[in-house]
C-alpha cells in the first residue's frame, strides 16, 4: 500500500493544471469515489477516499473552482486486515448545484452514469485529468515483484466503458471486466502501466514501480534458476543411485565374464556414486565423453539382462 499511497500523494500535489483539467479531474473523482445521493429531497454530493491528500485536493477544488463549502469527515472502517481510515468529502447545501456544474447531472437533471460527454470528447489534458481523478478515487496498483496490474474499481459498466474509451485516446489499451459484483478497468502490460502513470502525472512513482518490478523479476528469475538447478541435481543424484544399484546387480550376474571397457565404466559408477556422467567421463582412462560413458554402462546393463534371461530360460 505504501507505493499506492505515494502515487496518490504525487497526483494530489499537481497544481499547474488548466481549469478545464481541474474540472474534469473533480468530476471523475466524485463519480468514481461516491456520487450523488438524495437526502430529504435534496441532492447531496459525497466522495470517499483512502487517501487524505486526494480528499483534500477535491475539497480545495470544490471551494476554489466551484465556490462551494464542503465537509471533510474521517470514517473508520473495519476490514479483514484491521481498521482502515477513509476520508469523505460531503457537499450538503450546494450538492445539486455542484452536480450540475461538474456535469454529473445532465440538463434535464438526470444522473450521468458514465462520464460527462464534454470530458469523454474533451482535449487530452481533460482525458489525462479524468484518468487521474478516477485513479485517485478508486485506483489500485500491484506490488512490485507480483503480477503486474493497474486497476480502477468503477461504479458501473457505463463508467468502466468511458474509462476504456478515453484510455484509447491516450493510445493505451485498457480492458473492462467484471469481478464478482464490481466493474473494473485493468491494465496488465507493464509498459502500458508505466506510461499511464507518467501520463496522469506520477513520473516519480512510475520510475519507482518499474525499478522495483525489475528487481523483483530479477530475483524471481534467479530463484527459478536456483530451484531448477536444485531439481536437476536431485534428479541426477537419484539417477546415479539407481544406476549404481543396477551396475552392482550386473556385476553379480556376469561375474568375470565382462568386457574390460564395460567393467571399467561400471566400476567408475560404483566408485563415484554422486558424480555426473560428464564427471565420470573425465575420470575414465583415457577420458571419454559423457555419451560414451553412458553408452558403456547401458551396454553393461543390457548384457546382464540378456544373460539373466538366458539363465531363466534354461532353468
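In full-length UniProt numbering, the protein residues as written are 1 to 315.
Every residue, glycine too, gets a C-beta built ideally from N, C-alpha and C.
Which residues mark the beginning and the end of the beta strand (DSSP E) in which residue 138 is found?
Taking the chain shown and counting its residues from 1, the one referred to as residue 138 is at position 138. Unbroken run through residue 138 is the alpha helix (DSSP H), 124-138; no beta strand (DSSP E).
Three-state secondary structure (DSSP) of residue 141
Position 141 of the chain shown, counted from the start, is the residue given in the question as residue 141. Residue state, collapsed to three classes: strand.
Straight-line CA distance for residue 304 to residue 296?
As a first step, residue 304 is located in the chain shown; it is residue number 304 there, counting from the start. As a first step, residue 296 is located in the chain shown; it is residue number 296 there, counting from the start. So the two alpha carbons sit approximately 12 Å from each other.
Quick check on this structure: which residue in 279, 204, 171 has the alpha carbon closest to the alpha carbon of residue 11?
Position 11 of the chain shown, counted from the first residue, corresponds to residue 11. If we check each option's Cα against that of residue 11, 204 comes out closest.
With 8 Å set as the bound, which would you pick, yes or no: does the beta-carbon of residue 26 sit closer than that to a beta-carbon of chain B?
The structure shown contains no chain B; it holds only a single protein chain.
Under 8 Å: do the stretch 160-177 and the stretch 241-254 share three or more Cβ pairs, one atom per stretch?
In this structure the stretch 160-177 does not lie against the stretch 241-254, because fewer than three pairs of beta carbons, one per stretch, are closer than 8 Å.
Under 8 Å, with one C-beta from each stretch per pair, do the stretch 163-175 and the stretch 136-149 reach the 3-pair mark?
Touching, no.
Please classify residue 81 as buried or exposed, where buried requires at least 16 other C-beta atoms within 10 Å of its C-beta.
The residue you call residue 81 lines up with position 81 of the chain shown. Its Cβ having fewer than 16 others within 10 Å, residue 81 is exposed.
Measuring CB to CB, does residue 84 end up less than 8 Å from residue 90?
Within the chain shown, numbered from 1, the residue matching residue 84 stands at position 84. Within the chain shown, numbered from 1, the residue matching residue 90 stands at position 90. In this structure, residue 90 does not lie closer than 8 Å to residue 84 by Cβ.
DSSP beta-bridge partners of residue 71
Along the chain shown, one-based indexing puts residue 71 at 71. Residue 71 pairs with 90.
When the Cβ atoms of the stretch 10-29 are set against those of the stretch 37-44, are three or more pairs found closer than 8 Å?
In short, these stretches do not touch, since the Cβ pair count stays below three.
Provide the residue(s) that pair with residue 48 in DSSP beta bridges, ordered along the chain.
Reading the chain shown from its first residue, position 48 is the one you call residue 48. Looking at the DSSP assignment, residue 48 forms a beta bridge with 88.
Can you tell me whether residue 207 is buried or exposed, with buried defined as 16 or more other CB within 10 angstroms of its CB?
Here residue 207 corresponds to residue number 207 of the chain shown, with the count starting at 1. Residue 207 comes out exposed.
Considering only their Cβ atoms, is the gap separating residue 114 from residue 167 smaller than 8 Å?
Counting from one through the chain shown, the residue named residue 167 turns up at place 167. Counting from one through the chain shown, the residue named residue 114 turns up at place 114. Not a contact, by the Cβ cut-off of 8 Å.
Could you round the C-beta distance between residue 247 and residue 277 to whole angstroms and report it? I think they count as a contact, below 8 Å.
Translated into positions along the chain shown, residue 247 becomes position 247. Translated into positions along the chain shown, residue 277 becomes position 277. About 13 Å separates the CB atoms of residue 247 and residue 277; that is not less than 8 Å, and the two are not in contact.
Taking just the CA atoms, how far does residue 256 sit from residue 283?
To locate residue 283, count along the chain shown from 1; it is residue 283. To locate residue 256, count along the chain shown from 1; it is residue 256. Our two residues, residue 283 and residue 256, have alpha carbons roughly 23 Å apart in a direct line.
Cα-Cα, which of 45, 79, 52, 50 is closest to residue 70?
For the purposes of this step, residue 70 is identified with residue 70 of the chain shown, where counting begins at 1. Measuring from the Cα of residue 70, the nearest candidate turns out to be 45.
Nearest neighbour of residue 88, chosen from 34, 48, 94 [CA to CA]
One-based indexing of the chain shown puts residue 88 at position 88. Nearest of 34, 48, 94 to residue 88, Cα basis: 48.
Reduced DSSP secondary structure (H/G/I, E/B, other) of residue 218:
On the chain shown, residue 218 is found 218 positions in, with the first residue counted as 1. Reliability fails at residue 218, whose pLDDT of 45 lies under 50, so the model's placement of it is uncertain and the value that follows must be treated cautiously. Here residue 218 sits in helix by DSSP.
Where does the unbroken beta strand (DSSP E) through residue 150 begin, and where does it stop?
Counting from one through the chain shown, the residue named residue 150 turns up at place 150. Per DSSP, the continuous beta strand (DSSP E) segment holding residue 150 begins and ends at 150-154.
Determine whether the beta carbon atoms of residue 98 and residue 62 lie at a separation below 8 Å.
Taking the chain shown and counting its residues from 1, one reaches residue 98 at position 98. Taking the chain shown and counting its residues from 1, one reaches residue 62 at position 62. Taking 8 Å as the Cβ cut-off, residue 98 and residue 62 qualify as a contacting pair.
In three-state terms, what does DSSP make of residue 186?
Numbered from its first residue, the chain shown carries residue 186 at position 186. Residue 186: strand per DSSP, three-state reduction.
Taking DSSP as the reference, what is the three-state secondary structure of residue 54?
Numbered from its first residue, the chain shown carries residue 54 at position 54. Looking at residue 54 - three-state DSSP - the assignment turns out to be helix.
Residue span of the beta strand (DSSP E) that contains residue 178, given as start and end
Counting from one through the chain shown, the residue named residue 178 turns up at place 178. Residues 175-179.
Contact check, residue 75 vs residue 19, beta carbons under 8 Å:
Position 75 of the chain shown, counted from the first residue, corresponds to residue 75. Position 19 of the chain shown, counted from the first residue, corresponds to residue 19. Taking C-beta atoms as the reference points, residue 75 and residue 19 fail to come closer than 8 Å.
DSSP bridge partner residues for residue 111 (one or two, in chain order):
The residue labelled residue 111 in the question sits at position 111 within the chain shown. Partner(s): 105.
Thinking just about the alpha-carbon of each residue, which of 136, 31, 110 is nearest to the one in residue 14?
By 1-based counting over the chain shown, the position of residue 14 is 14. The alpha carbon of residue 14 has as its nearest neighbour, out of 136, 31, 110, the alpha carbon of 136.
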